[in-house]
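Take any residue in the sequence shown, note its place counting from 1, add 110, and you have its number in this note's numbering.
Backbone N, C-alpha and C fix where the C-beta goes; we use that ideal spot for every residue, glycine too.
This report concerns only the one structure given below.
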Amino acid sequence: MQSASEQSEAADRPAPPAPPASPEHAYPDHWEADVVLRDGGTARIRPITADDADRLVSFYEQVSDESKYYRFFAPYPRLSAKDVHRFTHHDFVDRVGLAATVGGEFIATVRYDRIDERGMPASGPADEAEVAFLVQDAHQGRGVASALLEHIAAVARERDIRRFAAEVLPANNKMIKVFTDAGYTQKRSFEDGSVRLHLDLEPTDRSLAVQRAREQRAEARSVQRLLTPRSVVVVGAGRAPGGVGRTVLRNILGAGFTGRVHAVNAALTDGPAELDGIPAHPSVGAIGEPVDLAIVAVPAERVPEVVADCGEHGVRGLVVLSAGYAESGPAGRERQRQLVRQARSYGMRIIGPNAFGIINTSADVRLNASLAPHMPAAGRIGLFTQSGAIGIALLAGLHRHGAGLSSFISAGNRADVSGNDFLQHWYDDPDTDVVLLYLESIGNPRKFTRLARRTAAVKPVVVVKGARHSGSAPPGHRVPVTRIPHATVSALLRQAGVIRVDTVTELVDAGLLLAAQPLPAGPRVAILGNSESLGLLTYDACLTEGLRPLRPLDLTTAAGPADFRDALAAALADETSDAVVVTAIPWVGENGATESGDGEVLAASLREAVASVPAPAKPVVVVHVEMGGLAEALAVATSTRPVPAGARTASTPARPTTAGAGAGTGTDRGAPTQVPSAPALRTADPAASGTTDPAAAPGSAASAAPGTTDPTAPETTDPAAVPPSDRQATIPAYPAAERAVRALAEAVRYAQWRRQAAEPGRVPEYEDIDEGGAAALIERALGAGGDPDARGVTLGTADVGELLSRYGITVLPTLPAPTPDEAVAAARRLGYPVALKTTAPHLRHRPDLGGVRLDLATEEQLRTAYAEVTEVLGKPEELQPVVQAMVPRGVDTLVRSAIDPAVGAVLSFGLSGAASELLGDTAHRLVPATDRDAAELVRSIRTAPLLFGWRGSAPVDTPALEELLLRVSRLVDDHPEVVAVSLEPVVVAPGGLSVLGATVRLAPPPPRTDLGPRRLPSY
């Protein structure tokens, strides 16, 4: 594809000389970016400079004649000196060139030249440019051109270019597809034997969707390459047993990895050698065959040479176990930055450094490239941790309780690959039904929230966050600065459908239930058991968690296993409940001793009860107290849960697998276990529950999934072919009612979110909004502030009222009252009755301190109140009193919005006053808020009953309140320069509301990295 100026050059006509770069157009280093390509590899995109002449010539020599013909519309075997000069000298405004590089060498280029309406070279204010690409043949099909188009379009918008024009030969279908698939508004015509394309560069919903879909596929593929290598090398495997490298090598071999395994030890210079029976070499280059994944276990100072060795010999990814990086201080942070830059320069991604390792239990892979001494059982849980110690504990705990994993990652400092990447992978991974994350920091909260929302729509995402109250990220973690408290981040995660728990124990509890049981159709809970007291404890726990428990069914202490079986079967068939909690205490014989074997018998009875229901439609959990036999039965690994016929996945083992994870075996009375039971479907049966779950979909967490493998069971190649009576699933059991009910409550809330997410709310349009008028006021106010890079300006009272009025929000006027006489004059203007308020910062919104006097109906009352306030609280010049008209009585609330650099714009709501502020009773939603978000905001605070007629009071006008929230959301979303809005108090009466106070702060908006072109976090 060729621009008009390049056609002139091809015809050997002189081209206009390139103007030199001026100081104001210096090298734009912020255009540099690392990107993940379609195949999961990485490339670096950067501006082309005059120093790239040799790289450009070398690149062009490796391009086929056909690609050159498509680029220049004529045979063009080599670049002339004039070509090289033109293509490497840019002003970074009217003429820009970008290159995609791997290993420092060009693999693709793109350039634009600004043109006028005649198609000739031009400068601003011309807003159109011709664009042309060239991709090396060996790298075509990797999505390089699509990534370059995103970045060159962002550069063009920054330089006030609004449209691209491109001329493409009709046979160049690949390049035509790059443009047509980008999602931009475009026009297409056929002129003089070529296709002429015009692209409007303003981002659209479709272009953003295309960009994010490509991002998901690329990042998921990059993780898949790490988890499914065909060959692995352990670099740093010692000759003597022991040590990190040799331990990982032993674990890879012990797990039965299905690919090729190699060892590298730089000291092996005497020729061929073996370690643990596999070939050992002095370097990766000496292996002599392709290697996909390298496990690096050498001292930090030797890692750079290992990375270079791997990169130069085609290794695709690294797991760096070595410590001594950012967790060790400033020198380590710089070492970590260099590590990431070096690996990315070769197109490799990194897990780590300071990582614990990765595990993939798929029968086709069986990779245990970690320090965990045993391979976990295959299952449906994906587990990500940022801590090796927590990873060990979680592996051990999940194994003890009979839960299997699809994959496990302990990312250490997560300098490159992070939890976001694994969310991209698990989103459509058919082997994973539940995602468990232990996070000590969130590097990109805005992106994490977006990815978590999408993933949670198809499978549960459970998160426990460490380092919540330290005020800083753990050593080694790069995180953006955030000003919002942890509670707000948690609320936003819940809005995204994330199941947010507080402890590692709760993470395991919730994961076991979600992986083994269907989602409940509602909050109604049936309780049955042989202890009235334990039933009442469970009942109370349900009420505490917001569930709706039915009256506990007391089977009495005389109940036997058959009674449990019959009661559970009846509860499962009863349409008045959505979940069942079984409580059990030991049976006591006539001599006062507990009977032996009762746990195993009870487990069998529960299995029989579940098996009697054709398609169990509700979750079942067990609460047991000191039932040793039951605890032993619960600790037995169970056979794989059934999957639908034809849905067998790679992770469904065809033979028993080795359990372990370093946990040993035996009973853990303080932790939940799982009862082998009959098959359980992953979603509720609408016919049985009377409730339709729109979130249920094939291939999601709502589909059946295998659990773990019974080492004593006969071999089977397809669980779907096993007779139903022989299939087994798992019922999670807990040693305390509170733990069981908390896990169940999380499942109930998540299921409700799933149903609501299937029908998202809408952002309403309001005809009375004057977006243009608001924009003009904001531009004027920021311009009056002088330096546009300043921290911003707080608007005066008049400007606040005008700006909010553009969005249909009226602020009740206030008049200053510096003296009693001026207070009286203000009251006459406003009309009695009035309120007298102090506005000094230390008294604002603190009526409890006596700075607010209401319902002053006469001049005498006003003067008396003025005298009392100034006598008690201070002089008028300190108090800054104002007079305001009275409004109908109601509930005082507050509405706020603020832009946080890490998570974006946040809309907040609560009741006004010290009590709510002290208790942190404020709800939050991300902007733009939908009508559903606004309704949930109003109802999600603990003091919400005050708005709906608490203790006989009149309900207030919540529809008006919800509309106010939506208007504030629109204001902040439409104008990112509005970085903070506070409306307080907002008095909501039975009919309407009144905004009594408002403040607005403007500032240049922070950059929106989530709307720009795809890029990895920079180092």
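Asked, Found
"Environment of Asp380 [buried if 16+ CB atoms lie within 10 Å]", "exposed"
"Per DSSP, the bridge partner or partners of Leu385", "Ile388"
"Coil, strand or helix - Val401 by DSSP", "coil"
"Beta strand (DSSP E) segment containing Thr924, residue limits", "Thr924 to Pro926"
"Three-state secondary structure (DSSP) of His249", "helix"
"Leu309, enclosing beta strand (DSSP E) - first and last residue", "Ser304 to Asp310"
"8 Å Cβ cutoff met for Leu972 and Ala933", "yes"
"Burial state of Pro696 (16 or more Cβ within 10 Å)", "buried"
"Span separating the alpha-carbon of Tyr137 from that of Asp161", "12 Å"
"Pick from Leu1004, Val997, Leu1036 and Ala995 that is closest to Ala1015, judged by C-alpha positions", "Leu1036"
"Bridge partner(s) assigned by DSSP for Glu550", "None, per the DSSP bridge assignment."
"Nearest-angstrom Cα separation, counted from Gly522 out to Lys575", "15 Å"
"Cβ-Cβ distance between Leu147 and Ala319 below 8 Å", "no"
"Asp223: first and last residue of the uninterrupted beta strand (DSSP E) it sits in", "Glu215 to Ile225"
"Candidates Glu685, Gly645 and Leu682: closest to Thr666 by CA position", "Gly645"
"Collapsed DSSP secondary structure at Val212 in the structure displayed", "strand"
"Exposed unless 16 or more other CB atoms sit within 10 angstroms - verdict on Thr929", "exposed"
"Anticipated Cβ contact below 8 Å, Val354 with Ala407, distance rounded", "4 Å"
"Local conformation of Asn478 per DSSP, three classes", "strand"
"Local Cβ density within 10 Å of Ala977, reported as buried at 16 or more and exposed below that", "exposed"
"Neighbourhood of Val212 by C-beta distance below 6 Å, restricted to the same chain and skipping five residues each side", "Ala153 and Gly457"
"Span of the beta strand (DSSP E) around Pro1095", "Val1088 to Val1098"
"Exposure of Tyr876, with buried meaning 16 or more beta-carbon neighbours within 10 Å", "exposed"
"DSSP state of Arg1080 mapped onto helix, strand, coil", "helix"
"Sheet register partners of Ala521 (DSSP bridge)", "BP columns for Ala521 are empty, so no partner."
"Integer Cβ distance of Glu240 from Ala276, believed to fall under 8 Å", "7 Å"
"Between the CA atoms of Pro463 and Ala143 - distance to the nearest angstrom", "21 Å"
"Pro1100 versus Pro1069: straight-line alpha-carbon distance, rounded", "10 Å"
"Ordered list of beta strand (DSSP E) runs contained in the stretch 403-453, each at least 3 residues", "403-406 and 427-430"
"Beta-ladder partner(s) of Leu638, from DSSP", "Leu663 and Val692"
"C-alpha distance - Arg865 paired with Leu624, whole-angstrom precision", "16 Å"
"Through-space distance from Ile468 to Asp164, alpha-carbon basis", "41 Å"
"Same chain, Cβ closer than 6 Å to Ala853, five either side skipped, listed in chain order", "Asp619, Ala620 and Leu623"
"Rounded Cβ spacing between Arg921 and Ala689 (contact assumed at less than 8 Å)", "First, the residue type needs correcting, since residue 921 is Val and not Arg in the sequence shown. About 48 Å separates the two Cβ atoms, so there is no contact after all."
"Residue interval of the alpha helix (DSSP H) (run including Glu277)", "Counting along the chain, Glu277 falls outside any alpha helix (DSSP H), though it belongs to the beta strand (DSSP E) covering Arg273 to Val278."
"Option in Asp880, Gly1000 and Pro630 with minimal Cα separation from Pro1065", "Gly1000"
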